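Asks:
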DNA sequence: GTTTACCATGCATAAAATTCATGGAGCAAT
DNA sequence: ATTGCTCCATGAATTTTATGCATGGTAAAC
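Protein chains in written order, with my numbering: chain E, 89 to 389; chain P, 89 to 389.
Structure below.
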């Protein structure tokens, strides 16, 4: 395979389009002389002239005419493929459940955007989880899970730990309740299925009796929001309430933490592992969200 | 249009085919380091890795996989077009009538071949003449003609001049005949249509009487061949008998030359005028065959 | 005849490609 | 583990190539 000089070919293309070396030079940000030399190189390669130089305007020889569409098509093919793969590297769609999105990701998202201003990051907030990323609706996902699918890379962020919290307004002038006094307040359930309160009380060595289900919420986030509005005491995942505890919207009522069997993971398909945008987000997320020191780059936990 | 570095793309293609920078280097006659740098250039351009470097073998990233076929197709397109136009410049098909072919062109053809050993010159010997080169069976033609078609370039080689010749064997020990004695021998006619002998006798101020048509031949060449075998006296075009006169196969019987109204031309389509092979052949033919000093290159007569 | 609009080209310089030599990482076999 | 092997990466020097600049030449238009 003996290809012609490719850069000269590029110049040829532009010169043929403009019917002028001078204008081609302007388009390519080159001098007219440089264009002339490129064409000479190409003509020397083929051993035949590609242009007919006339005082009034430049014409292609029949050979130049034959070459032109091939070069144009070839380059536009390359251009299209390049555009396709470049776009993929500039975009990143992050998926998170509503709770994680609003309580973990969003508060820190601008920090990431600022660090990678050229990256178009979007947050996809859906409740369901497509375990094989088949839908291609997102590139990387925050996900609480227990099992691992092949073909995906999992980075453990942190275990889920639930502690009881409530708005300080709930107690007005009264002292904060002890565990035994929790039943005097509405207990907010962050899930319809899991029996977090039962488990937590069992952990604390108590029997909560019948008052356990006051309000049940669809998401962890909603339960926390309800609690912060003074509706009652909820079990909140520790990592989601850092801000609320810091600014006093919520107070933690016990150090007893319910540690569930599952953990939060950052997950993405193996074939995206080489994308710089994925790598950048992964490294940032691990440093920001993990409860363990960041793992060496590239290693899955 | 912002194309990636094209030479790096070429290296990428070979490296992707070999799954090895080292082997790609060998193929391209480059060192492994040079290949590595080209790939780096390309990866920097796209801002993403194209290869996964593993200790055991090299793999393409998904982006590399996406890029590969586009680059391969693009380059093979260029290659095909290049091959097509290069071949045209390396081949030349010369057309001549049988007479001109055997008496003018063939004796000098090896000289031309030797001067341009890379050129694949072929001689097409056909009697008819496709005046517009529409059949594309030949690129350049030796042709006797009077009118000129548009779109063709004509180079006048020489006028046609007919002189009487015969084999010396025809006369044995007898002296060579004077014009008046020509009628005592068979007169060979080089054409079925033109009345060359009548015209020639008229030019000589003689009346040939009735003996004028002894043998008529299809071509000038055949009449000359017949004469050289002692069959009689023929009128031969001067330029076709130089060799025969030189080696004694034929003797010229008179200086009276019949100059016809037409001349021999070298003809080719205008669109082939830029082909180096056509130019080379034209210049050589003009210098070899013309009865006038060669015209400045590029000018049609 | 003069102007104008192009392309060609010699020479100097800037930029890029390439080599060479070395380093380092992963895998396999001892 | 240790050794050896095979690749790829990389710093520095060098060669090659591309480019700019200024100038020259040519054919058409005014």
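Beta carbons: idealized from backbone N, C-alpha and C, even for Gly.
Just so we're clear, the structure is a prediction, and the values are computed from it rather than from any experiment.
1) Roughly how many angstroms lie between the CA atoms of residue 95 (chain E) and residue 94 (chain P), to the nearest whole one?
2) Is there a C-beta anywhere in chain E that falls below 8 Å from the one on residue 112 (chain P)?
3) Assuming residue 362 (chain E) and residue 140 (chain P) form a contact by the criterion Cβ under 8 Å, report the distance between their Cβ atoms to the nearest whole angstrom.
4) I'd like to know whether the C-beta atoms of residue 241 (chain P) and residue 128 (chain P) end up nearer to each other than 8 Å.
5) Give the interface partners of residue 359 (chain P) over in chain E, defined as CB-CB distance under 7 Å, in chain order.
6) Could you tell me whether the Cβ atoms of residue 328 (chain E) and residue 192 (chain E) are closer together than 8 Å?
7) What are the start and end residues of the alpha helix (DSSP H) that includes residue 110 (chain E)?
8) Which same chain residues end up closer than 8 Å to residue 259 (chain P) when comparing Cβ atoms and leaving out the 5 residues on each side of it in sequence?
9) So that I know if they touch, is there some Cβ in chain E lying closer than 8 Å to that of residue 371 (chain P)?
10) So what does residue 226 (chain P) bridge to, in DSSP terms?
11) Please list the partners that residue 223 (chain P) has in chain E, where partner means a Cβ-to-Cβ separation under 9 Å.
12) Let me know the secondary structure DSSP gives residue 281 (chain E) once reduced to three states.
13) Residue 384 (chain E) to residue 344 (chain E), Cα distance in whole Å?
14) Roughly how many angstroms lie between the CA atoms of residue 323 (chain E) and residue 272 (chain E), to the nearest whole one?
15) Which first and last residues belong to the beta strand (DSSP E) in which residue 235 (chain E) is found?
16) Check the DSSP bridge columns for residue 208 (chain E) and list the partner residues they point to.
17) Using only CA atoms, which one of E:151, E:286, E:321, E:204 lies nearest to residue 270 (chain E)?
18) Can you confirm whether residue 203 (chain E), when its beta carbon is compared against all beta carbons of chain P, has any partner nearer than 8 Å?
19) Any idea which residues DSSP pairs residue 325 (chain E) with across the strands?
20) State the start and end residues of the unbroken alpha helix (DSSP H) segment that holds residue 372 (chain P).
21) Checking the sheet assignment: what are the DSSP bridge partners for residue 147 (chain E)?
22) Verify the CB distance criterion: does residue 161 (chain E) have a CB-CB separation below 8 Å to chain P?
23) Rounded to whole angstroms, what is the Cα-Cα separation between residue 118 (chain E) and residue 169 (chain E)?
24) Name the residue from P:131, P:120, P:226 whose alpha carbon lies nearest to the alpha carbon of residue 92 (chain P).
25) Does the stretch 181-197 of chain E come into contact with the stretch 325-339 of chain E, if we say contact requires no fewer than three beta-carbon pairs (one atom in each stretch) closer than 8 Å?
26) Can you tell which of P:375, P:152, P:147 has the C-alpha that lies nearest to the C-alpha of residue 354 (chain P)?
27) Does any CB atom of chain P fall closer than 8 Å to the CB of residue 95 (chain E)?
28) Closest by CA to residue 144 (chain P), which one among P:159, P:201, P:313, P:109?
29) Compare the C-alpha of residue 229 (chain P) against each of P:212, P:202, P:124 and name the closest.
30) Output needed for residue 210 (chain E): all residues of its chain with C-beta closer than 8 Å, excluding positions within five of it in sequence on either side, in chain order.
31) With a threshold of 8 Å between beta carbons, is residue 158 (chain P) in contact with chain E?
32) What whole-angstrom Cβ distance do residue 254 (chain E) and residue 339 (chain E) have, given they're in contact under 8 Å?
33) Out of E:315, E:200, E:101, E:235, which one is the CA nearest neighbour of residue 377 (chain E)?
34) Output yes if chain P places a C-beta closer than 8 Å to the C-beta of residue 324 (chain E); else output no.
35) I'd like to confirm the pairing. Which residues does DSSP put opposite residue 313 (chain E) in its beta bridges?
36) Strictly under 8 Å for the Cβ-Cβ distance: is residue 123 (chain P) near chain E by that measure?
Replies: Working from what's here:
1) Along the first chain, read from residue 1 onward, the residue named residue 95 (chain E) stands at position 7. Along the second chain, read from residue 1 onward, the residue named residue 94 (chain P) stands at position 6. Looking at the two C-alpha atoms, the distance is approximately 7 Å.
2) Locating residue 112 (chain P) in the second chain gives position 24, where the first residue counts as 1. So no, residue 112 (chain P) is outside the interface.
3) Position 274 of the first chain, counted from the first residue, corresponds to residue 362 (chain E). Position 52 of the second chain, counted from the first residue, corresponds to residue 140 (chain P). Between residue 140 (chain P) and residue 362 (chain E) the Cβ distance is about 6 Å, and since that is below 8 Å, they are a contact.
4) Reading the second chain from its first residue, position 153 is the one you call residue 241 (chain P). Reading the second chain from its first residue, position 40 is the one you call residue 128 (chain P). It is not a contact, given that the beta carbons lie outside the stated cut-off.
5) As a first step, residue 359 (chain P) is located in the second chain; it is residue number 271 there, counting from the start. Within chain E, the residues near residue 359 (chain P) are 150.
6) Position 240 of the first chain, counting from 1, holds the residue named residue 328 (chain E). Position 104 of the first chain, counting from 1, holds the residue named residue 192 (chain E). For residue 328 (chain E) and residue 192 (chain E), yes; Cβs fall inside 8 Å.
7) Translated into positions along the first chain, residue 110 (chain E) becomes position 22. 109-116 is the span of the alpha helix (DSSP H), which, as asked, contains residue 110 (chain E).
8) Translated into positions along the second chain, residue 259 (chain P) becomes position 171. Same-chain partners within the cutoff: 265.
9) Walking along the second chain from the start, residue 371 (chain P) turns up at place 283. No, because no Cβ of chain E sits closer than 8 Å to the Cβ of residue 371 (chain P).
10) Position 138 of the second chain, counting from 1, holds the residue named residue 226 (chain P). Its beta-bridge partners do not exist; DSSP assigns none.
11) Your numbering for residue 223 (chain P) matches position 135 in the second chain. Simply none; closest approach about 17 Å.
12) To locate residue 281 (chain E), count along the first chain from 1; it is residue 193. Three-state DSSP puts residue 281 (chain E) in coil, outside helix and strand.
13) Position 296 of the first chain holds residue 384 (chain E). Position 256 of the first chain holds residue 344 (chain E). Any reading at residue 384 (chain E) is ruled out, since the residue's pLDDT is 39, under 50, leaving its predicted position unreliable.
14) Taking the first chain and counting its residues from 1, the one referred to as residue 323 (chain E) is at position 235. Taking the first chain and counting its residues from 1, the one referred to as residue 272 (chain E) is at position 184. If you take the alpha carbons of residue 323 (chain E) and residue 272 (chain E), they lie about 15 Å apart.
15) Counted from its first residue, the first chain places residue 235 (chain E) at position 147. That residue, residue 235 (chain E), is in no beta strand (DSSP E); it is neither H nor E in DSSP.
16) Indexing the first chain from 1 puts residue 208 (chain E) at position 120. Per DSSP, E:179.
17) Working through the first chain from its first residue, we reach residue 270 (chain E) at position 182. The candidate whose alpha carbon is nearest that of residue 270 (chain E) is E:321.
18) Within the first chain, numbered from 1, the residue matching residue 203 (chain E) stands at position 115. Residue 203 (chain E) does not count as touching chain P.
19) Position 237 of the first chain holds residue 325 (chain E). According to DSSP, residue 325 (chain E) bridges with E:250.
20) Start at 1 with the first residue of the second chain, and residue 372 (chain P) comes out as number 284. Residues 364-377.
21) Translated into the one-based positions of the first chain, residue 147 (chain E) becomes position 59. Beta-bridge pairing links residue 147 (chain E) to E:140.
22) Along the first chain, read from residue 1 onward, the residue named residue 161 (chain E) stands at position 73. It does: the Cβ of residue 161 (chain E) has a partner Cβ on chain P nearer than 8 Å.
23) Here residue 118 (chain E) corresponds to residue number 30 of the first chain, with the count starting at 1. Here residue 169 (chain E) corresponds to residue number 81 of the first chain, with the count starting at 1. The straight-line gap from Cα to Cα measures roughly 26 Å.
24) One-based indexing of the second chain puts residue 92 (chain P) at position 4. It is P:131 whose Cα lies nearest to the Cα of residue 92 (chain P).
25) yes
26) Taking the first residue of the second chain as 1, we reach residue 354 (chain P) at position 266. Answer by Cα proximity: P:375.
27) Here residue 95 (chain E) refers to the residue found at position 7 when the first chain is read from its first residue. Closer than 8 Å: yes.
28) Position 56 of the second chain, counted from the start, is the residue given in the question as residue 144 (chain P). When only C-alpha atoms are compared, the closest one is P:109.
29) The sequence position of residue 229 (chain P) within the second chain is 141, counting from 1. Of P:212, P:202, P:124, the residue nearest in Cα terms is P:212.
30) To locate residue 210 (chain E), count along the first chain from 1; it is residue 122. Around residue 210 (chain E): 179, 180, 181, 182.
31) For the purposes of this step, residue 158 (chain P) is taken as the residue at position 70 of the second chain. True, the Cβ-Cβ gap to chain E drops below 8 Å.
32) Here residue 254 (chain E) is taken as the residue at index 166 of the first chain, counted from 1. Here residue 339 (chain E) is taken as the residue at index 251 of the first chain, counted from 1. Contact holds; Cβ gap of about 6 Å.
33) Working through the first chain from its first residue, we reach residue 377 (chain E) at position 289. Closest by alpha carbon: E:200.
34) What you label residue 324 (chain E) is simply residue 236 of the first chain in a count that begins at 1. Judged by the 8 Å Cβ criterion, residue 324 (chain E) is not in contact with chain P.
35) On the first chain, residue 313 (chain E) is found 225 positions in, with the first residue counted as 1. DSSP lists no partner for residue 313 (chain E).
36) Taking the first residue of the second chain as 1, we reach residue 123 (chain P) at position 35. It does not: the Cβ of residue 123 (chain P) has no partner Cβ on chain E nearer than 8 Å.
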